[in-house]
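Just so you know, we're using my numbering here: the sequence shown kicks off at 3 and counts up by one. Where is the CB? At the ideal position from N, CA and C, for every residue including glycine. Given the structure is predicted, the values throughout are model-derived calculations rather than measurements. The structure appears below as C-alpha cells.
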Amino acid sequence: MSISINIPIACFIPNRRLVEIVIEAKEALGILNSITKIFSDNNINVIYALADASDSVIAKMAFFIDITDSKITISELNDLIKSQPYVINTNTWISSISGLIYDKICFPKMAQRTPSVILSYDQLFFAIDRFRSIAGESGAALFYHIGLYIGESRFKFFKPILEKLNIHKAEIIELMLDLGRSYGLYNAKLINLDLNKCTGIIHIYESFEATPIRGSREKPSCHFVRGDIAGMLSNLLDKRIIVLEKKCIASGNQYCELYFEPYT
Numbered sequence: 003m004s005i006s007i008n009i010p011i012a013c014f015i016p017n018r019r020l021v022e023i024v025i026e027a028k029e030a031l032g033i034l035n036s037i038t039k040i041f042s043d044n045n046i047n048v049i050y051a052l053a054d055a056s057d058s059v060i061a062k063m064a065f066f067i068d069i070t071d072s073k074i075t076i077s078e079l080n081d082l083i084k085s086q087p088y089v090i091n092t093n094t095w096i097s098s099i100s101g102l103i104y105d106k107i108c109f110p111k112m113a114q115r116t117p118s119v120i121l122s123y124d125q126l127f128f129a130i131d132r133f134r135s136i137a138g139e140s141g142a143a144l145f146y147h148i149g150l151y152i153g154e155s156r157f158k159f160f161k162p163i164l165e166k167l168n169i170h171k172a173e174i175i176e177l178m179l180d181l182g183r184s185y186g187l188y189n190a191k192l193i194n195l196d197l198n199k200c201t202g203i204i205h206i207y208e209s210f211e212a213t214p215i216r217g218s219r220e221k222p223s224c225h226f227v228r229g230d231i232a233g234m235l236s237n238l239l240d241k242r243i244i245v246l247e248k249k250c251i252a253s254g255n256q257y258c259e260l261y262f263e264p265y266t
C-alpha cells in the first residue's frame with residue numbers, strides 16, 4: 003500500500019491568521035501530546051506538524067498553526083509553552099501577508115541529519131527534459147553518472163548502520179531500495195537475484211524520472227534511476243555493476259524493468 007503525505011512548503015488559507023512555531027525541548031515521553039493540548043485548549047488549529055526526537059536528547063517540533071479563532075496572543079502562547087518544564091526554546095514567525103504561511107525558521111532542511119533540498123517531480127523532470135532537448139538522448143545519459151555517484155554516496159552513508167545489522171546482502175539490497183522510496187526517488191522491488199553471478203532484476207513501479215512522462219517516449223528513459231541503483235549495487239557487491247532497462251513507464255509499460263550484471 004502506498005500513502006502520500008504532503009510536506010507543505012507554503013500554505014495559503016484566505017482570511018486566516020497563520021503562524022509558524024518551532025519548539026525545542028528535552029526529549030521525554032508525552033511532549034507532543036502536551037504541546038498539542040495547549041493548542042486545542044486555546045482553540046488553535048494545527049495545519050501542519052513535524053516532530054523529530056531521533057537523537058534521543060533534544061526533540062524539535064515545527065508547526066503551522068491557525069490562531070484566528072483563539073483569544074490568546076502569540077506572546078501569551080509563547081510564555082505558556084515555555085512554562086512547560088521540558089521546553090528549552092521557542093521560535094515564532096507571522097507572515098505579513100494575511101492567510102499565507104511558509105517555513106522561514108528552519109534552514110537548511112535536513113534529511114538523516116544531512117543538509118538537503120526538496121525538489122518536485124516537475125522541477126526535476128523539467129531540468130532533465132530541457133537537457134535532453136539540448137544534448138539529445140545520448141547526452142541525457144550523463145544523468146546515469148550523476149545517479150551513480152548519488153547511489154554510491156547514499157550507500158556509504160548507511161553502510162555503518164548496515165554493518166551493525168549483520169544482515170544478508172539480499173536483505174541489504176531490498177532495504178536500500180526501500181530507502182530510495184523513503185527519499186522519494188522511486189518505488190522499487192527486487193524480483194530476482196543471483197549473488198554468485200551478481201545479476202538480478204528490479205521492477206520500478208513509480209519514479210520521479212519516468213512517472214511524469216508516462217507513455218510519452220519510444221525508448222526506456224530512466225538514466226538517473228539506473229545509475230543510482232548501479233552505484234548502490236557496485237559498492238555493496240564490491241564489483242562494478244551496470245544496470246540496463248528493458249521496460250519503462252515512460253515508454254508505456256506498467257513498470258520499469260531493470261537488469262543488473264557485472265560491467266565488462
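Check	Outcome
Comparing alpha-carbon positions, which option in I163, G149 and E247 lies nearest S236?	G149
Comparing C-alpha positions only, which one of K241, R19, G233 and F14 sits nearest to Y151?	G233
With DSSP as the reference, identify every bridge partner of V21, one or two as the case may be.	I67 and I96
Of the choices Y207, K28 and Y185, whose alpha-carbon is the least far from that of L192?	Y207
Applying the 10 Å Cβ sphere with the 16-neighbour rule, what's the burial state of V119?	exposed
Distance check for I83 and T94, CA to CA, integer angstroms please.	12 Å
So I25 packs on I37, CB below 8 Å; how close in whole Å?	6 Å
What distance in whole Å lies between the Cβ atoms of F65 and L20, which are believed to be in contact at a cut-off of 8 Å?	Not confirmed; about 10 Å, so no contact.
For V119, name the three-state secondary structure that DSSP assigns.	coil
Alpha carbon to alpha carbon, how far is T116 from D54? Give it in angstroms, no decimals.	14 Å
How many angstroms separate the CA atom of R228 from the CA atom of L121?	19 Å
Considering just the uninterrupted stretch of the beta strand (DSSP E) at S184, what are its terminal residues?	Here S184 belongs to no beta strand (DSSP E); instead the alpha helix (DSSP H) covers K171 to S184.
Which residue comes first and which comes last in the alpha helix (DSSP H) that contains T201?	Looking at the DSSP string, T201 is not in any alpha helix (DSSP H); the run it does join, the beta strand (DSSP E), is T201 to S209.
Below 6 Å CB to CB, which residues in the same chain sit around R183 once its five sequence neighbours on both sides are set aside?	N189
Apart from the five residues just before and just after T201, which ones in its own chain have a Cβ nearer than 7 Å to its Cβ?	F262 and E263
Quick one: grab the DSSP three-state call for K291.	The chain is shown only over 3 to 266; residue 291 falls outside these bounds and no answer can be derived.
Helix, strand or coil for A12, going by three-state DSSP, please let me know.	strand
On the three-state DSSP scale, how would you describe P162?	helix
Please report the distance separating the alpha-carbon of S140 from that of I130.	12 Å
Please go through the same chain and pick out, in chain order, the residues whose beta-carbon is closer than 7 Å to the beta-carbon of E29, but skip the five residues on each side of it.	A55, S58, V59, I60 and A61
Going by C-alpha distance, which of K39, P162, F157 and F127 is nearest F145?	F127
Is V89 helix, strand or coil when you go by DSSP?	strand
Is DSSP giving K62 helix, strand or coil here?	strand
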